[in-house]
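Quick note, the sequence shown lines up with residues 1 to 170 if you use my numbering.
The next block holds one structure in the form of structure tokens; read it before the comments.
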Amino acid sequence: MQELTPAPAADNDLTDLYIQPGHLLRRAHQIAASIFHDELGHMITPVQYAILRTLREHPGIDQVSLAGLVAMDTSTAASVATRLEEKGLLDRNIDPSNRRQRALYLTEQGRKLLENAVGGINRLHDRLFAGFTPLEEEQFMDLLKKLVHLNNLQSRAPFAPPKDKVVNVD
1 MQELTPAPAA
11 DNDLTDLYIQ
21 PGHLLRRAHQ
31 IAASIFHDEL
41 GHMITPVQYA
51 ILRTLREHPG
61 IDQVSLAGLV
71 AMDTSTAASV
81 ATRLEEKGLL
91 DRNIDPSNRR
101 QRALYLTEQG
111 RKLLENAVGG
121 INRLHDRLFA
131 GFTPLEEEQF
141 MDLLKKLVHL
151 NNLQSRAPFA
161 PPKDKVVNVD
């Protein structure tokens, strides 16, 4: 793997992109999304994967709670759920205890898609961390989780677990 090193900036140049965490996080996301597409793009998008994976862990969850768990605004989550329903990957049923809400469930086709995605998800992980030692990977993930946790409320769509359920994010 060829390592690209940006040209050094002047010592007093505070605008060097490669010392800006926001730029590096954007690049990391761009790289992860590209690898995801290489490995799974023919099957599913990263957002669709997040929703299906969350539904596997929380069958029957309502759309608002689902949006909170995947840290997505409710209208986007509903739109993605509609597309997944059209593909036959999830069912949205009226919740008998609250007829204004929809309870979401994976279909058998959705469960199979997640099972088939495991290899691609593992390859994505391996490719992202290929240059890391196991300790570096663990440290990076711990720090990334800390950064996300400490800044959660700065997001326009913060992570928000359902009020009636305990959710482990580790």
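Virtual Cβ for every residue (Gly too), placed ideally from N, Cα, C.
Computed from a predicted structure; not experimentally measured.
- prompt: What's the gap between the Cα of residue 117 and the Cα of residue 21?
  reply: Position 117 of the sequence shown, counted from the start, is the residue given in the question as residue 117. Position 21 of the sequence shown, counted from the start, is the residue given in the question as residue 21. If you take the alpha carbons of residue 117 and residue 21, they lie about 30 angstroms apart.
Secondary structure of residue 20, DSSP reduced to three states = Here residue 20 refers to the residue found at position 20 when the sequence shown is read from its first residue. Three-state result, residue 20: coil.
inquiry  = Starting from residue 71, trace the beta strand (DSSP E) in both directions and tell me its first and last residue.
reply    = Along the sequence shown, read from residue 1 onward, the residue named residue 71 stands at position 71. Per DSSP, residue 71 belongs to no beta strand (DSSP E) and is neither H nor E.
Review point. Contact check, residue 54 vs residue 66 under 8 angstroms by CB: the rounded distance?
Key: If you number the sequence shown from 1, residue 54 lands on position 54. If you number the sequence shown from 1, residue 66 lands on position 66. The pair is a contact, with the Cβ atoms about 6 angstroms apart (cut-off 8 angstroms).
Find the nearest neighbour of residue 98 within the set 81, 64 and 68, judged by alpha-carbon distance. Stepping through the sequence shown from its first residue, residue 98 is reached at position 98. Per the Cα distances, 64.
Through-space distance from residue 31 to residue 131, alpha-carbon basis: In the sequence shown, residue 131 corresponds to position 131, counting from 1. In the sequence shown, residue 31 corresponds to position 31, counting from 1. Roughly 14 angstroms separates the two Cα atoms.
Measuring alpha carbon to alpha carbon, tell me which residue in 103, 162, 77 and 48 is nearest residue 94. Along the sequence shown, read from residue 1 onward, the residue named residue 94 stands at position 94. That would be 103, whose Cα lies nearest to the Cα of residue 94.
Starting from residue 160, follow the beta strand (DSSP E) in both directions and report where the run begins and ends.
-> Translated into positions along the sequence shown, residue 160 becomes position 160. Segment: none, residue 160 is in no beta strand (DSSP E) and carries neither H nor E.
Rounded separation between residue 84 and residue 90 - CA only | Stepping through the sequence shown from its first residue, residue 84 is reached at position 84. Stepping through the sequence shown from its first residue, residue 90 is reached at position 90. One C-alpha to the other measures close to 6 angstroms.
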